[in-house]
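In the UniProt record's numbering, the protein residues as written are 1 to 309.
Ideal Cβ placement from N, Cα and C applies to all residues, glycine included.
This one's a predicted model, so the numbers in the text were calculated from it and none came from an experiment.
Worksheet: one structure, shown below.
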Amino acid sequence: MQTKPFRIGTRGSPLALAQTRETRDRLAAAHGLPPEMFEVVVLSTKGDRITDRPLAEIGGKGLFTEELEQQLLSGDLDFAVHSSKDMPTKLPDGLFLSAFLPREDIRDAFVGRTAPRLVELPEGATVGSSSLRRQALIRRLRPDINVITYRGQVETRLRKLAEGQVDGTLLAYAGLRRLGMTDVPTELLDPKEFPPAPAQGAICIESRVGDDRINTLLAAIDDPRTHEAVACERGFLATLDGSCRTPIAGYGQSDGAHIHFSGMILTPDGTKSHRVEIDGKAADAAELGRKAGEQIRDEAGPGFFSSWT
């Protein structure tokens, strides 16, 4: 019987802490344990510390996970809680994504200062975003808009917006909901026109391969439909060598038996794009995503991807 608290690793942002508390509360309820049996261990990551440069310039998505994964591998943490869309497609040997919480809303939220809707911004307006996917989609819809790199925690981005540094910004609606900030968006973007990042809105738990005690504990809160959908999306991303350097969108929906997946790739300037849709068995989720990635890669041709380097 466990006598000392399980150690949960997390980043220190308000959103990361909210996601970790949700995970802790679900585990406590599932196993009839007091919340005190789960100790939240906050670590600062390189991605949190360096906010003045695009992620692509300083190492990519792994900058939000490296410190947590080191302590997972050493045994100092029992498991770690992440935003799934922050996870690299290749994890360190010995670690895997063992569980996913039920997915939140997958839409992007626009927060406008000079206009409530993205398409209503004045000509030449400035929009801030750190996501190459969002930047490319903005340019696709509004080629006249000045898009700048704009990093930081949710609260930092909203403060910069209020100060007038930009006319608008985009945030994941899931994160705003988890922070109790549903009144912040001035527009929720249609995912058919503005498709989400792979794994957007999903909280994942990373743990050690072969740690049966911990993985059994986590299995009690794993949401199978989210797990299948994200496996499909990550398969798509991995096939296209997805990273923070690449404008890729993808969204899978599982009913437990079948998955429908739609994906999109864009050039960074938003002028060219390709879409793919595919259906298959939920049991083959990851392979289905890889198949969609191969299909869209073949359709786009090698010249398309030269803009990604």
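Based on DSSP bridge pairs, tell me the residues matched to A38.
For the purposes of this step, residue 38 is taken as residue 38 along the sequence shown, with counting starting at 1. One point to set straight first is that residue 38 is Phe, not Ala, in the sequence displayed. Note: F38 sits in a beta bridge opposite F6.
Beta-carbon gap between H82 and L217 smaller than 8 Å
Stepping through the sequence shown from its first residue, residue 82 is reached at position 82. Stepping through the sequence shown from its first residue, residue 217 is reached at position 217. Not a contact, by the Cβ cut-off of 8 Å.
Within the continuous beta strand (DSSP E) that includes F304, where are the two ends?
As a working note, residue 304 is residue 304 in the sequence shown. Note, F304: premise wrong, no beta strand (DSSP E); not H, not E.
Please list the segments of the beta strand (DSSP E) lying wholly inside the UniProt domain "Porphobilinogen deaminase C-terminal" (229-297), counting only runs of 3 or more residues, in order along the chain.
248-254, 258-266, 273-281
With a threshold of 16 other CB atoms inside 10 Å of the CB of T65, please say whether the residue is buried or exposed.
For the purposes of this step, residue 65 is taken as residue 65 along the sequence shown, with counting starting at 1. Buried: at least 16 other Cβ atoms inside 10 Å.
Return yes when at least one heavy atom of the ligand ATP lies under 7 Å from the C-beta of S306, else no.
Ligands displayed in this structure: none; no statement on the ligand ATP is therefore possible.
DSSP state of I106 mapped onto helix, strand, coil:
Start at 1 with the first residue of the sequence shown, and residue 106 comes out as number 106. Note: I106 maps to coil in three-state DSSP.
Could you tell me if G9 is buried or exposed, where buried requires 16 or more neighbouring beta carbons within 10 angstroms of its beta carbon?
Taking the first residue of the sequence shown as position 1, residue 9 is located at position 9. Label assigned to G9: buried.
First and last residue of the alpha helix (DSSP H) that includes L141?
Here the question's residue 141 lines up with position 141 in the sequence shown. Here the alpha helix (DSSP H) through L141 covers 132-141.
By how many angstroms is the C-alpha of K4 removed from the C-alpha of S243?
Numbered from 1 along the sequence shown, position 243 holds the residue referred to as residue 243. Numbered from 1 along the sequence shown, position 4 holds the residue referred to as residue 4. Residue confidence is low: S243 scores 47 on pLDDT, short of 50, so the model does not pin down where it sits. Its coordinate-derived value is still stated next. Cα to Cα, S243 sits roughly 38 Å from K4.
Exposed unless 16 or more other CB atoms sit within 10 angstroms - verdict on K291
As a working note, residue 291 is residue 291 in the sequence shown. K291 comes out buried.
Assuming E228 and A199 are in contact, meaning their beta carbons sit under 8 Å apart, how far apart are those beta carbons, in whole angstroms?
The sequence position of residue 228 within the sequence shown is 228, counting from 1. The sequence position of residue 199 within the sequence shown is 199, counting from 1. With 8 Å as the limit, E228 and A199 do not qualify as a contact, their Cβ atoms being about 12 Å apart.
From the DSSP output, read off the bridge partner residues of H82.
As a working note, residue 82 is residue 82 in the sequence shown. DSSP, once it has assigned bridges, lists C204 as partnering H82.
Which partner residues of V111 appear in the DSSP bridge assignment?
As a position in the sequence shown, residue 111 is number 111, starting the count at 1. For V111, which the question treats as bridged, DSSP gives the partners T169.
Taking the alpha carbon of L240 as the reference point, which residue from F6, L266, L161 has its own alpha carbon closest?
Here residue 240 is taken as the residue at index 240 of the sequence shown, counted from 1. Out of F6, L266, L161, L266 has the C-alpha closest to the C-alpha of L240.
Which residue marks the beginning of the beta strand (DSSP E) containing A28, and which one marks its end?
In the sequence shown, the residue the question calls residue 28 occupies position 28. Run containing A28: none in the beta strand (DSSP E); it sits in the alpha helix (DSSP H), 14-31.
Residue nearest to I205 in terms of C-alpha spacing, selected from K192, Q295, V230:
Along the sequence shown, one-based indexing puts residue 205 at 205. It is V230.
Segment limits, alpha helix (DSSP H) that includes I148
As a position in the sequence shown, residue 148 is number 148, starting the count at 1. First-last for I148: 146-148, but that is the beta strand (DSSP E), not the alpha helix (DSSP H).
On the premise that A16 lies in contact with residue 310, defined as a C-beta separation below 8 Å, what is that separation, rounded to the nearest angstrom?
As shown, the chain starts at 1 and ends at 309. That puts residue 310 outside it, with no answer to give.
Which value, in whole angstroms, describes the spacing of the CA atoms of P102 and F261?
Position 102 of the sequence shown, counted from the start, is the residue given in the question as residue 102. Position 261 of the sequence shown, counted from the start, is the residue given in the question as residue 261. The alpha-carbon atoms of P102 and F261 are separated by roughly 18 Å.
Thinking just about the alpha-carbon of each residue, which of L121, G270, D212 is nearest to the one in I248?
Here residue 248 refers to the residue found at position 248 when the sequence shown is read from its first residue. Closest option to I248, Cα to Cα, is G270.
With DSSP run on the structure shown, which of helix, strand or coil describes L188?
As a first step, residue 188 must be located in the sequence shown, where it is residue number 188. The answer is strand: DSSP assigns L188 an E or B state.
G175 by DSSP, collapsed to three states: which one?
Locating residue 175 in the sequence shown gives position 175, counting from the first residue. In the structure shown, G175 sits in a helix (DSSP, three-state: H, G or I).
Would T186 pass as an interface residue toward chain C - the criterion being a Cβ-Cβ separation below 8 Å?
Of the protein chains in this structure there is only one, and it is not chain C.
Once the 5 residues before and after P14 are set aside, which same chain residues still bring their CB inside 8 Å of it?
The residue you call residue 14 lines up with position 14 of the sequence shown. Around P14: Q153, V154, E155, L179.
Reference E151; option with closest CA among P143, L171, A162, I138
Start at 1 with the first residue of the sequence shown, and residue 151 comes out as number 151. Going by the sequence as given, residue 151 is Arg instead of Glu. Ranking P143, L171, A162, I138 by Cα distance to R151 puts L171 first.
Take the Cβ of S131 as the centre, count every other Cβ of all protein chains shown within 10 Å, and call the residue buried at 16 or more, exposed below.
The sequence position of residue 131 within the sequence shown is 131, counting from 1. Classification for S131: buried.
Taking C-alpha atoms, which residue in S273, D284, E39 lies nearest to S254?
To locate residue 254, count along the sequence shown from 1; it is residue 254. With distances taken between Cα atoms, S254 lies closest to D284.
Check each candidate in K281, E123, S98 and name the one with the smallest Cα separation from A202.
Within the sequence shown, the letter at position 202 stands for residue 202. For the residues K281, E123, S98, the minimum Cα distance to A202 belongs to S98.
If you reduce the DSSP assignment to three classes, tell me which class L121 lands in.
On the sequence shown, position 121 is the one that residue 121 refers to. If DSSP states are grouped into helix, strand and coil, L121 belongs with coil.
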